[in-house]
Amino acid sequence: MGEFIRAAGVSEIPEGTGRSLELAGRRVALFNVGGSFHAIEGTCPHRGGPLGEGFLKGRVVTCPWHFWQFDVVTGAAPDLPEACLRSFPVKVSGEDVLVSLDGAEAEARAGEARET
Ligand code: FES
Numbered sequence: 051m052g053e054f055i056r057a058a059g060v061s062e063i064p065e066g067t068g069r070s071l072e073l074a075g076r077r078v079a080l081f082n083v084g085g086s087f088h089a090i091e092g093t094c095p096h097r098g099g100p101l102g103e104g105f106l107k108g109r110v111v112t113c114p115w116h117f118w119q120f121d122v123v124t125g126a127a128p129d130l131p132e133a134c135l136r137s138f139p140v141k142v143s144g145e146d147v148l149v150s151l152d153g154a155e156a157e158a159r160a161g162e163a164r165e166t
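51 is the number of the first residue of the sequence shown in the numbering used here; add one for each residue after it.
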C-alpha cells in the first residue's frame with residue numbers, strides 16, 4: 051500500500067466542491083462528490099488550467115479555462131479518451147483527507163524520458 055500524505059481537512063472541501071493543492075511539488079485536484087473524496091492530476095492537459103478550481107457537477111469537473119470535462123473518479127475525459135488523467139488513491143482518517151501519490155513521480159520521470 052502506498053504512502054498517504056495529508057491533503058486537506060474534511061471540512062475544508064464541502065460536498066460538490068473541489069480544491070487545487072500542491073502535494074510534494076505536484077498539482078493535485080481534490081473533490082468531494084457526495085461526501086466521497088477523489089483526487090486527480092490538477093493540471094488540465096489542454097493548456098494547464100487548474101482543474102481543482104473547475105465547476106463540479108456530479109462526478110464531472112469542467113475546466114475553468116476552456117471547459118474540457120473530466121470524471122474526477124477515474125480521470126477519464128468522456129469526449130477525449132486520449133486526454134485521460136491519472137487518479138490517485140484517497141482515504142479519510144479522522145478529520146484529514148489523505149492522498150497517495152506513490153508511483154506518480156516514477157511515472158512522470160518515465161514520461162519526461164519518452165519526450166526527450
Ligand atoms: S486549459 Fe483546460 S480546457 Fe483549456
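Every residue, glycine too, gets a C-beta built ideally from N, C-alpha and C.
Item	Value
Can you name, in chain order, every residue of its own chain whose Cβ lies under 8 Å from the Cβ of threonine 166, other than the five neighbours on each side?	With a pLDDT of 46 at threonine 166, under the threshold of 50, the modelled position of this residue cannot be trusted, and the question is left open.
Could you pull the DSSP bridge partners for leucine 73 from this structure?	Arg76
Check proline 131 in the structure and name its three-state DSSP category.	helix
I'd like to know whether the C-beta atoms of leucine 80 and alanine 89 end up nearer to each other than 7 Å.	yes
Report, in whole angstroms, the separation of the C-beta atoms of cysteine 113 and glycine 125, which I expect to be a contact under 8 Å.	At roughly 13 Å, the Cβ-Cβ gap does not stay under 8 Å, so cysteine 113 and glycine 125 are not in contact.
Among all the DSSP beta bridges, which residues are the ones paired with threonine 112?	Phe105, Gln119
May I have the straight-line CA-CA distance separating valine 60 from proline 128, to the nearest angstrom?	28 Å
Which word fits phenylalanine 117, buried or exposed, when buried means at least 16 other C-beta atoms lie within 10 angstroms of its C-beta?	exposed
Can you list, in chain order, the residues of its chain whose CB lies under 6 Å from that of glycine 92, leaving out five sequence neighbours each side?	Ser70, Arg77, Val78, Ala79, Leu101, Gly102
When you compare each of His96, Ser150, Glu72, Lys107 to glutamate 132 by their alpha carbons, which one comes out closest?	His96
Between the alpha carbons of leucine 130 and valine 142, how many angstroms are there, rounded?	31 Å
Pull every residue with its beta-carbon under 7 Å away from any heavy atom of ligand 1, and keep them in chain order.	Cys94, His96, Arg97, Gly98, Gly99, Cys113, Trp115, His116, Phe117, Trp118
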